[in-house]
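All remarks here apply to the structure that follows.
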Amino acid sequence: MPTKLFAVPFLVLLALLGGCTKSDPQAALEAAVQQLQDNLEAKKASTVMEQLHTQFSAQQQYDSEWAGRTMALLFLRHKQVKILALSKSSRIDPTYSSKGYTEAQIAMSGAEGLIPDSAQHYSVKLEWWLEDGEWRLAKLDWE
28 MPTKLFAVPF LVLLALLGGC TKSDPQAALE AAVQQLQDNL EAKKASTVME
78 QLHTQFSAQQ QYDSEWAGRT MALLFLRHKQ VKILALSKSS RIDPTYSSKG
128 YTEAQIAMSG AEGLIPDSAQ HYSVKLEWWL EDGEWRLAKL DWE
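In the working numbering, each residue's number is its place in the sequence shown (first place is 1) plus 27.
Listed below in structure tokens is the structure:
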């Protein structure tokens, strides 16, 4: 499929993040989600890449190199990137406390000026792995 079809959901998924504290794993997971969204909207590709786990995969076929290329393409194409989480929820796995999950309905838009020239709606699922006290995005899927 064309890169464009995968690029937008990738950015949308990455943008669903929340708030973070070391003492509260749930709050830390939500902070990671918010940080991802903020970094995507600020077009900070290198910072987004730092949030990805070394075993990152998207749609069970794309790796972190694909993520980096996709962000570069989208950030060049759009002066502004906005991600609106219509709904989102994050939870820690009750059996494996080093895994967290975020599900969200998001709207993502890109614009060259003030008015968006593209917008899409996605249902995204993110799987986070806790590594060295930091939540890293390990898996990303979207519809």
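Note that the Cβ used here is the ideal one computed from N, Cα and C, for glycine as well.
- Here Ala72 has Met98 as same chain residues with Cβ atoms under 6 Å from its own Cβ, once five neighbours each way along the sequence are excluded.
- Where Ser117 is concerned, the enclosing beta strand (DSSP E) starts and stops at 107-119.
- The count of Cβ pairs closer than 8 Å, one atom from the stretch 81-93 and one from the stretch 106-126, stays below three, leaving the stretches out of contact.
- Here the C-alpha atom of Leu56 lies approximately 30 Å from the C-alpha atom of Arg104.
- Cβ-Cβ distances below 6 Å link Arg118 to Tyr128 in the same chain, with the five nearest sequence neighbours on each side left out; the list follows chain order.
- Closest in alpha carbon position to Ala165, among Asp51, Leu63, Ser50, Ala54, is Leu63.
- Distance from the CA atom of Pro52 to the CA atom of Trp162, rounded to whole angstroms, is 9 Å.
- According to DSSP, residue pairing for Asp168 in a beta bridge involves Lys152.
- Just measuring C-alpha positions, the residue of Gln147, Lys126, Val75 sitting nearest Met135 is Gln147.
- Ser145 sits in a strand when the DSSP states are folded into three classes.
- In the DSSP assignment, the residues bridged to Met135 are Ile110, Gln147.
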